[in-house]
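At position 230 of the sequence shown (counting the first as 1) the number is 227 in our numbering, and the numbers step up by one without a gap.
Here is the structure we will look at.
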Amino acid sequence: MDVLDLARWQFAITTVYHFFFVPITLGLSWLVAGMQTAWVRTGNEKWLRATKFFGKIFLINFAMGVVTGIVQEFQFGMNWSDYSRFVGDIFGAPLAIEGLLAFFLESTFLGLWIFGWDRLPKKLHLATIWLASLGTMLSAYFILAANSWMQHPVGYEFNAETGRAELNDFVTVLTQNTAVIAFVHTLSASFMVAGALVAGISLYLLLRDKGADVARSTLRLGAVTTLVAAVAVSISGDVDGKIMTEQQPMKMAAAEALYQTEQPADFSIFTVGTLDGSEEVFSVTIPNVLSFLATGTWDGEVEGINDLNAEYAQAYAGTGIDSFAPNIPLTYWMFRLMIGVGMLAALWALWALWAYRGDRRPSSPWALRLAILVPLLPLFAASFGWIFTEMGRQPWIVFGLMPTAAGVSPMVGSGAVWTSMIGFTLLYAVLAIIEVGLIVRTVRQGPPEAVADPFVEREADAPLTISY
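Okay, here's the thing in structure tokens:
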């Protein structure tokens, strides 16, 4: 493997691993804030116990997310220095704001939330978790704005003397429709992930008879959140698909393994292609559906891979790119797994609401297995979607501006990348064992049996404590 392939593999491994923690942090922070709000408003102790229990899971996940996220920025300088030099003026701006504003907002108020249970007034303490949740949301927006610029570069001009893309309209970079819809879609998916996590853990607790009064309420909360988020994911995904067709038609063609331009275009349920992914051998399709998904009309034209490849070969002559199509089998199946696995989670949430409505408590080995499996479904669906988004852009690292091959560091050898990739992979494996072990132990313990109101009179010089 050459340096380019190794660098891509390393970035893929570290990014996908880090992304496991992102949607959980994004969604669960808001659900924990909602649980604490329910306790403050009603005074019902079960919501305080739920806040403490799921707050602990949230904090474990947040810590792992911070540790694994730091690596991402370093890779831009180590393995992708030519890319960093080319887009640093643009790409660095939203990432800097994310670190200096959003991350400091969430980490500062999260610290106040952790240590302020018995020091801050009750409603002021509640505000800290809401502000920390706002910080996680802002972090996501700025990062997605940076990534969206790679998908659809705007608000820049190319400086021929320096050979760099330079920012000239930061507002456009932050507010372009690619960034806005990516944020809505990602946030919706994060709520779906967090909702399924809360619902799955709650069902496990209910079946194991641990904190059943808490588990029944949080099961409903998680299942409803999953269903509402699934609707938002579907709507935002539909809008995102139409924007993607307009800005990156090759990505849509690859997602459907559509080799020839069609009008109207059929949606592929199952396609078998040649081993090199260059043409279709067999497919099962639904008439006209792809036209609607891509254009909003049932008879719209959708360009195929072969026609787009020929078009791009003329438009981007001299870039050194042989084929402008991404890995067709990978993008095709990631797109379907994203949708299919996510739909399974939504169907499970609907079943859980029906099966456990009122005081019903059906129990079976399958219910317990599903309680363990279901929290992973939307998490994997979100990861499949992230892989599709990044792989579908290939062979561009910045669509239409910079080929991926041109962004790799010229002075880094394959030995250095192999060493760092193996090191990170082993380290992340250890962190995964720690993360899963901590969460499994927390879930098995269940929510606390009883929690005294932490907002009581205390001595002013009493030491700070973590109330978990």
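In this text, a Cβ means the ideal position worked out from N, Cα and C, and glycines have one as well.
Computed from a prediction, not measured in an experiment: that's the story for all the values here.
Quick one: what does DSSP say I111 is sitting in, helix, strand or coil?
Locating residue 111 in the sequence shown gives position 114, where the first residue counts as 1. Note: I111 maps to helix in three-state DSSP.
Since W393 sits in a beta bridge, which residues does DSSP pair it with?
Counted from its first residue, the sequence shown places residue 393 at position 396. Answer is P400, bridged to W393.
According to DSSP, is R161 part of a helix, a strand, or is it coil?
Position 164 of the sequence shown, counted from the first residue, corresponds to residue 161. Strand at R161.
Mind checking which residues open and close the beta strand (DSSP E) that includes Y14?
Locating residue 14 in the sequence shown gives position 17, counting from the first residue. Element bounds for Y14: not the beta strand (DSSP E) but the alpha helix (DSSP H), V0 to T39.
Can you give me the start and stop residues for the alpha helix (DSSP H) that F377 sits inside?
Within the sequence shown, the letter at position 380 stands for residue 377. Run containing F377: L373 to M388, per the alpha helix (DSSP H) assignment.
Straight-line CA distance for D319 to P150?
On the sequence shown, position 322 is the one that residue 319 refers to. On the sequence shown, position 153 is the one that residue 150 refers to. Distance between the alpha carbons of D319 and P150: 22 angstroms.
Under three-state DSSP, which class holds F321?
What you label residue 321 is simply residue 324 of the sequence shown in a count that begins at 1. Looking at F321 - three-state DSSP - the assignment turns out to be coil, as it is neither helix nor strand.
Answer yes or no: do A193 and A346 have a C-beta to C-beta separation smaller than 8 angstroms?
Start at 1 with the first residue of the sequence shown, and residue 193 comes out as number 196. Start at 1 with the first residue of the sequence shown, and residue 346 comes out as number 349. In this structure, A346 lies closer than 8 angstroms to A193 by Cβ.
Pick from P91, I419 and M247: whose alpha carbon is nearest that of G397?
In the sequence shown, counting from the first residue as 1, residue 397 sits at position 400. Residue M247 is the option with its Cα nearest to G397.
Report yes or no: do the region 225 to 239 and the region 391 to 407 share at least 3 C-beta pairs separated by less than 8 angstroms?
no
If you drop the 5 nearest sequence neighbours on each side, which residues of the same chain put their C-beta closer than 7 angstroms to that of V181?
Along the sequence shown, read from residue 1 onward, the residue named residue 181 stands at position 184. Result list for V181: S233, in chain order.
Note down the Cα distance separating L251 from I419, rounded to an integer number of angstroms.
Your numbering for residue 251 matches position 254 in the sequence shown. Your numbering for residue 419 matches position 422 in the sequence shown. Note that residue 251 corresponds to Ala in the displayed sequence, not to Leu. Rounded to whole angstroms, the separation of the alpha carbons of I419 and A251 is 31 angstroms.
Taking the straight line between their C-alpha atoms, what separation do you get for I178 and D237?
On the sequence shown, position 181 is the one that residue 178 refers to. On the sequence shown, position 240 is the one that residue 237 refers to. Each residue's alpha carbon lies about 6 angstroms from the other.
Give me the Cα-Cα distance between V437 and A368, rounded to the nearest whole angstrom.
By one-based count along the sequence shown, residue 437 stands at place 440. By one-based count along the sequence shown, residue 368 stands at place 371. The alpha-carbon atoms of V437 and A368 are separated by roughly 13 angstroms.
If you pair each beta-carbon of the region 21 to 31 with each one of the region 401 to 414, do three or more pairs fall below 8 angstroms?
no
Buried or exposed: where does P20 fall if 16 or more other Cβ atoms within 10 Å of its Cβ makes it buried?
Your numbering for residue 20 matches position 23 in the sequence shown. Buried is the call here.
Evaluate the contact criterion for the region 207 to 222 versus the region 438 to 447: three or more CB pairs, one atom per stretch, below 8 angstroms.
By the Cβ test, the region 207 to 222 is in contact with the region 438 to 447, since at least three Cβ pairs between them sit closer than 8 angstroms.
Only counting the same chain, and skipping five residues up and downstream in sequence, which positions put a Cβ closer than 8 angstroms to that of L334?
Against the sequence shown, residue 334 aligns to sequence position 337. Only F377, A378 and F381 meet the Cβ criterion.
Would you mind giving the Cβ-Cβ distance between V95 and F167, rounded to the nearest angstrom? I have them listed as a contact below 8 angstroms.
Sequence index remark: in the sequence shown, residue 95 carries index 98 (1-based). Sequence index remark: in the sequence shown, residue 167 carries index 170 (1-based). Strictly speaking, residue 95 in this sequence is Glu, with Val absent from that position. Rounded, the Cβ-Cβ distance is 14 angstroms, inconsistent with contact.
Would you mind giving the Cβ-Cβ distance between I126 and A191, rounded to the nearest angstrom? I have them listed as a contact below 8 angstroms.
Reading the sequence shown from its first residue, position 129 is the one you call residue 126. Reading the sequence shown from its first residue, position 194 is the one you call residue 191. That belief does not hold up - the Cβ atoms of I126 and A191 are roughly 14 angstroms apart, past 8 angstroms.
Which value, in whole angstroms, describes the spacing of the CA atoms of V0 and G132?
Stepping through the sequence shown from its first residue, residue 0 is reached at position 3. Stepping through the sequence shown from its first residue, residue 132 is reached at position 135. Each residue's Cα considered, the two are about 36 angstroms apart.
Near R46, which residues of its chain fall below 6 angstroms by C-beta distance, leaving aside the five closest residues on each side in sequence?
By one-based count along the sequence shown, residue 46 stands at place 49. The residues are V211, P444, P445 and V448.
Check whether the region 422 to 431 and the region 6 to 15 are in contact - that is, three or more C-beta pairs closer than 8 angstroms.
Segment contact: the region 422 to 431 against the region 6 to 15, three or more CB-CB distances shorter than 8 angstroms; contact assigned.
On the three-state DSSP scale, how would you describe E308?
Residue 308 sits at position 311 when you count from the first residue of the sequence shown. The answer is helix: DSSP assigns E308 an H, G or I state.
Quick check: S78 and S406, are their CB atoms within less than 8 angstroms of each other?
Indexing the sequence shown from 1 puts residue 78 at position 81. Indexing the sequence shown from 1 puts residue 406 at position 409. Yes, they are a contact pair.
Within a Cβ cutoff of 6 angstroms, which residues of the same chain sit near F332, ignoring the five residues on either side of it in sequence?
Sequence index remark: in the sequence shown, residue 332 carries index 335 (1-based). Closer than 6 angstroms at the Cβ level, and outside the excluded window around F332, lie A252 and F385.
Between which two residues does the beta strand (DSSP E) holding F155 run?
Counting from 1 along the sequence shown, the entry for residue 155 is found at position 158. Its beta strand (DSSP E) spans residues Y153 to N156.
Expressed to the nearest angstrom, what Euclidean distance is found between the alpha-carbon atoms of A186 and G337?
Counting from one through the sequence shown, the residue named residue 186 turns up at place 189. Counting from one through the sequence shown, the residue named residue 337 turns up at place 340. Taking the straight line joining both Cα atoms gives about 14 angstroms.
List the endpoints of the continuous alpha helix (DSSP H) containing W44.
Counting from one through the sequence shown, the residue named residue 44 turns up at place 47. E42 to M75 is the extent of the alpha helix (DSSP H) around W44.
For V299, which of helix, strand or coil comes out of DSSP?
Sequence index remark: in the sequence shown, residue 299 carries index 302 (1-based). V299: strand per DSSP, three-state reduction.
Going by DSSP, name the residue or residues bridged to T268.
On the sequence shown, residue 268 is found 271 positions in, with the first residue counted as 1. In DSSP, T268 forms a bridge with S280.
Where does E253 fall in DSSP's three states?
As a first step, residue 253 must be located in the sequence shown, where it is residue number 256. E253: coil per DSSP, three-state reduction.
For V371, is the classification buried or exposed, using 16 other Cβ atoms within 10 angstroms of its Cβ as the cut-off for buried?
On the sequence shown, position 374 is the one that residue 371 refers to. Classification of V371: buried, given that the 10 Å Cβ count is 16 or more.
With 16 other CB atoms within 10 Å as the buried threshold, where does A343 fall?
Position 346 of the sequence shown, counting from 1, holds the residue named residue 343. A343 should be labelled buried.
Assuming the contact rule is C-beta atoms closer than 8 angstroms, L327 and A220 should be a hit. Round their C-beta distance to whole Å, please.
Counting from 1 along the sequence shown, the entry for residue 327 is found at position 330. Counting from 1 along the sequence shown, the entry for residue 220 is found at position 223. In fact, because the Cβ distance is near 32 angstroms, the residues do not count as touching under 8 angstroms.
If you draw a straight line from the C-alpha of W330 to the C-alpha of G152, how long is it?
In the sequence shown, residue 330 corresponds to position 333, counting from 1. In the sequence shown, residue 152 corresponds to position 155, counting from 1. Computed Cα separation, rounded: 33 angstroms.
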